[in-house]
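Asks: With the numbering used here, letter number 341 in the sequence shown gets 995, and the count goes up by one each step, no holes. Using N, Cα and C, we set each Cβ at its ideal position, and we do this for glycine too. Pasting a structure here, questions to come.
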Amino acid sequence: MFEKDTICVHPTRCKKTAYGAVATPIFQSATFAHEGLDKDSEFSYSRLQNPTRAALEARVAELEDGVDAIAFSSGMAAETTLMNLFESQGHIIAGDDLYGGTLRLFRHISTPAGLRFDFTDMSSPENIRQKLRPDTKAVYVETPSNPTMQVTDIAAVADIVHSVGGLLIVDNTFLSPLFQRPLELGADIVVHSGTKYLGGHNDTLAGFLVVKDQEIAEKLRFHAKTVGAGLAPFDCFLLERGIKTLAVRLEKQAANAEKIAHWLRRRPEVRKVYYIGFQDHPGYEITKRQCSGFGGMLSMEVDSPETARRVLKEVKLFQYAESLGGVDSLITYPMCQTHADVPEDERNRRGINDRFLRISVGIENADDLIEDLRQALENK
Ligand SMILES: Cc1ncc(COP(=O)(O)O)c(C=O)c1O
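The structure is reproduced here in structure tokens:
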């Protein structure tokens, strides 16, 4: 069996392409003709399946060690489709530090539709145990969480939710299957915003659901073909191209992030750095056990709102933009962007205030990135 960095380039589950094409061709066709009345071809209609999408899904399923992966037009499309799996009145325990769009979905769409949510700090399995009910259908975790980088012990939480027959869903966007494989650790469903590390170039949106149980895969495929938010063939091509370089990008991003995190920690303008690679991070031991890298994400709290605004204004290489995981380094102001819909008191409780910035480290030279941050922090 090959290592995952080889699978990024040479998945073993993908079929041979026509004419020996090294890149999967873009099958830009909405529909597929059948050979005859009783001779259906493999594909019929692209909302259900398309050859370019099938090849991408096989690659992602193999990377996450799932039986199946379904590609969607965005991470949110994947999550919205996933929620259809749960019947009205179903109880779900979700992390209280999730991507803001996920919280918006749960609070403003899924709750009015009849699902019941309890939100809690997922870094303590005990919190989850306390919220668990006999009718708990799922636990929904982001680890590390967005944006305060809390770490959840996936195996421990899997045991807890399985004790009542529920599912563990893990959003693996921040670390990618190269650094963390939740299905191996006991999770049932993995969610990805493929827009981030998998795509890797800030040029397309995508989302994935990956599962390890065939029955759940079939249910999700039923919902996917009904909702009709499958990833378009050209975007599948971009995702495949991105995944081929995932290993080298991630290695550089993680090395850059480590250097920047340690440098930021020594700056007088920086009060706190949130980075899972610090030995004194509360989740460090769990991360060492369940992940093979610390990733390219970090957040920081600076000394004043003025400093936060100055950094956003003065950076030259970093760009003030939403999103993460791509080759270009980005800085996000979660209070105004990714988490703008989270009520202010809740945001403040979680430390997402007007001094809080999230950094997605790209593949540029680490010293150039540090110099960029230095001039922005010092520029008075
Ligand atoms: C952790 C995480 N999950 C899901 C999403 C939603 O993905 P998308 O923007 O591709 O819809 C995001 C978006 O930022 C995210 O950061």
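In the DSSP assignment, find the alpha helix (DSSP H) that holds residue 737 and state where it starts and stops.
Replies: Numbered from 1 along the sequence shown, position 83 holds the residue referred to as residue 737. Note, residue 737: alpha helix (DSSP H), 729–737.
Asks: Tell me whether residue 973 sits in a helix, a strand or coil according to DSSP, three-state version.
Replies: Locating residue 973 in the sequence shown gives position 319, where the first residue counts as 1. Looking at residue 973 - three-state DSSP - the assignment turns out to be strand.
Asks: Residues in its own chain within less than 8 Å of residue 734 by CB, not counting five upstream and five downstream?
Replies: Taking the first residue of the sequence shown as position 1, residue 734 is located at position 80. So the qualifying residues of the chain are 759, 763, 881, 883.
Asks: Which complete alpha helix (DSSP H) runs does the region 932–969 hold, if anything under 4 residues is left out?
Replies: Correct list: 938–944, 959–968.
Asks: For my contact list, residue 800 and residue 751 are in at a C-beta cut-off of 8 Å; report their separation, rounded to the angstrom.
Replies: Within the sequence shown, the letter at position 146 stands for residue 800. Within the sequence shown, the letter at position 97 stands for residue 751. Rounded, the Cβ-Cβ distance is 7 Å, consistent with contact.
Asks: Measure from the C-beta of residue 940 to each C-beta in chain B and report whether the shortest distance is under 8 Å.
Replies: No chain B appears in the structure shown, which is made up of a single protein chain.
Asks: When every heavy atom of ligand 1 is checked, does at least one fall within less than 7 Å of the C-beta of residue 666?
Replies: Translated into the one-based positions of the sequence shown, residue 666 becomes position 12. Not under cutoff, so the answer is no.
Asks: Cutting at 6 Å between CB atoms, please list the residues of its own chain near residue 1116, excluding the five before and the five after it.
Replies: Because the chain in this structure spans residues 655 to 1034, residue 1116 falls outside the shown range and cannot be described.
Asks: Can you list, in chain order, the residues of its chain with a C-beta nearer than 6 Å to that of residue 731? Leave out the 5 residues immediately preceding and following it.
Replies: For the purposes of this step, residue 731 is identified with residue 77 of the sequence shown, where counting begins at 1. Closer than 6 Å at Cβ, skipping near neighbours: 861, 883.
Asks: How many angstroms separate the CA atom of residue 991 from the CA atom of residue 725?
Replies: Start at 1 with the first residue of the sequence shown, and residue 991 comes out as number 337. Start at 1 with the first residue of the sequence shown, and residue 725 comes out as number 71. Their backbone Cα atoms lie some 25 Å apart in a straight line.
Asks: Looking at residue 727: is its Cβ nearer than 8 Å to the Cβ of residue 904?
Replies: Residue 727 sits at position 73 when you count from the first residue of the sequence shown. Residue 904 sits at position 250 when you count from the first residue of the sequence shown. Taking 8 Å as the Cβ cut-off, residue 727 and residue 904 do not qualify as a contacting pair.
Asks: Compute every distance between the C-beta of residue 953 and the non-hydrogen atoms of ligand 1, then say whether any falls below 7 Å.
Replies: Within the sequence shown, the letter at position 299 stands for residue 953. No, the Cβ of residue 953 stays beyond 7 Å of every heavy atom of ligand 1.
Asks: Within a Cβ cutoff of 7 Å, which residues of the same chain sit near residue 713, ignoring the five residues on either side of it in sequence?
Replies: For the purposes of this step, residue 713 is taken as the residue at position 59 of the sequence shown. Contacts found: 665, 668, 894, 897.
Asks: Indicate the three-state DSSP secondary structure (helix, strand or coil) for residue 1023 in the structure shown.
Replies: Walking along the sequence shown from the start, residue 1023 turns up at place 369. If DSSP states are grouped into helix, strand and coil, residue 1023 belongs with the helices.
Asks: DSSP state of residue 923, grouped into three classes?
Replies: Stepping through the sequence shown from its first residue, residue 923 is reached at position 269. Coil.
Asks: Can you name the residues that DSSP bridges to residue 1012?
Replies: Taking the first residue of the sequence shown as 1, we reach residue 1012 at position 358. According to DSSP, residue 1012 bridges with 953, 986.
Asks: Use the C-beta contact count for residue 908: other C-beta atoms within 10 angstroms, 16 or more gives buried, fewer gives exposed.
Replies: For the purposes of this step, residue 908 is identified with residue 254 of the sequence shown, where counting begins at 1. Flag for residue 908 reads buried.
Asks: How many angstroms separate the CA atom of residue 818 from the CA atom of residue 984?
Replies: In the sequence shown, residue 818 corresponds to position 164, counting from 1. In the sequence shown, residue 984 corresponds to position 330, counting from 1. Roughly 41 Å between the two C-alpha positions.
Asks: Can you confirm whether the region 992–1002 touches the region 939–949 when touching is taken to mean that 3 or more C-beta pairs between the two stretches lie within less than 8 Å?
Replies: No, because fewer than three Cβ pairs between the region 939–949 and the region 992–1002 fall closer than 8 Å, the two stretches do not touch.
Asks: Evaluate residue 656 with the Cβ neighbour count: other Cβ atoms within 10 Å of its Cβ, from every protein chain shown; 16 or more gives buried, anything less gives exposed.
Replies: Working through the sequence shown from its first residue, we reach residue 656 at position 2. Classification of residue 656: exposed, given that the 10 Å Cβ count is below 16.
Asks: Going by the beta-carbon positions, is the gap between residue 835 and residue 719 smaller than 8 Å?
Replies: For the purposes of this step, residue 835 is taken as the residue at position 181 of the sequence shown. For the purposes of this step, residue 719 is taken as the residue at position 65 of the sequence shown. A contact, by the Cβ cut-off of 8 Å.
Asks: My understanding is that residue 723 touches residue 741, with C-beta atoms under 8 Å, so please give their C-beta distance in whole angstroms.
Replies: Residue numbering aside, residue 723 sits at position 69 when the sequence shown is read from its first letter. Residue numbering aside, residue 741 sits at position 87 when the sequence shown is read from its first letter. With a Cβ gap of about 24 Å, residue 723 and residue 741 do not count as contacting.
Asks: Pull up the CB-CB distance for residue 684 and residue 864, whole angstroms please, since I reckon it's below 8 Å.
Replies: Locating residue 684 in the sequence shown gives position 30, where the first residue counts as 1. Locating residue 864 in the sequence shown gives position 210, where the first residue counts as 1. Residue 684 to residue 864, Cβ: 26 Å. No contact.
Asks: Quick one: which unbroken alpha helix (DSSP H) runs of 4-plus residues sit fully inside the region 775–856? Chain order, please.
Replies: Listed in chain order, they are 779–785, 808–816, 830–833, 836–839.
Asks: For the candidate residues 854, 839, 840, whose alpha-carbon lies nearest to that of residue 846?
Replies: On the sequence shown, position 192 is the one that residue 846 refers to. Of the candidates 854, 839, 840, the one whose C-alpha sits nearest the C-alpha of residue 846 is 854.
Asks: Just the Cα atoms here: how many angstroms apart are residue 772 and residue 790?
Replies: As a first step, residue 772 is located in the sequence shown; it is residue number 118 there, counting from the start. As a first step, residue 790 is located in the sequence shown; it is residue number 136 there, counting from the start. Each residue's alpha carbon lies about 10 Å from the other.
Asks: Report the residue from 874, 813, 793 whose alpha carbon sits nearest the alpha carbon of residue 825.
Replies: Locating residue 825 in the sequence shown gives position 171, where the first residue counts as 1. Selected option, being the one with the closest Cα: 793.
Asks: Please state whether DSSP places residue 755 in a helix, a strand or coil.
Replies: The sequence position of residue 755 within the sequence shown is 101, counting from 1. Residue 755 falls in the helix class under three-state DSSP.
Asks: What residues match up with residue 745 in a beta bridge as DSSP calls it?
Replies: For this step, residue 745 is matched to residue 91 along the sequence shown. DSSP output for residue 745 lists 770, 790 as bridge partner(s).
Asks: Give me, in chain order, the residues of the same chain whose beta-carbon lies closer than 6 Å to that of residue 698; leave out the 5 immediate sequence neighbours on both sides.
Replies: Start at 1 with the first residue of the sequence shown, and residue 698 comes out as number 44. Same-chain partners within the cutoff: 686.
Asks: Alpha carbon to alpha carbon, how far is residue 1017 from residue 748?
Replies: By 1-based counting over the sequence shown, the position of residue 1017 is 363. By 1-based counting over the sequence shown, the position of residue 748 is 94. Their Cα atoms are separated by approximately 32 Å.
Asks: Quick one: Cα of residue 963 to Cα of residue 1010, how far?
Replies: Here residue 963 refers to the residue found at position 309 of the sequence shown. Here residue 1010 refers to the residue found at position 356 of the sequence shown. Going by the C-alpha atoms only, they are around 10 Å apart.
Asks: Just the C-alpha distance for residue 852 and residue 1006, rounded to the nearest angstrom, thanks.
Replies: Counting from 1 along the sequence shown, the entry for residue 852 is found at position 198. Counting from 1 along the sequence shown, the entry for residue 1006 is found at position 352. Straight-line Cα distance between these residues: approximately 26 Å.
Asks: For residue 722, which of helix, strand or coil comes out of DSSP?
Replies: Numbered from 1 along the sequence shown, position 68 holds the residue referred to as residue 722. Three-state result, residue 722: strand.
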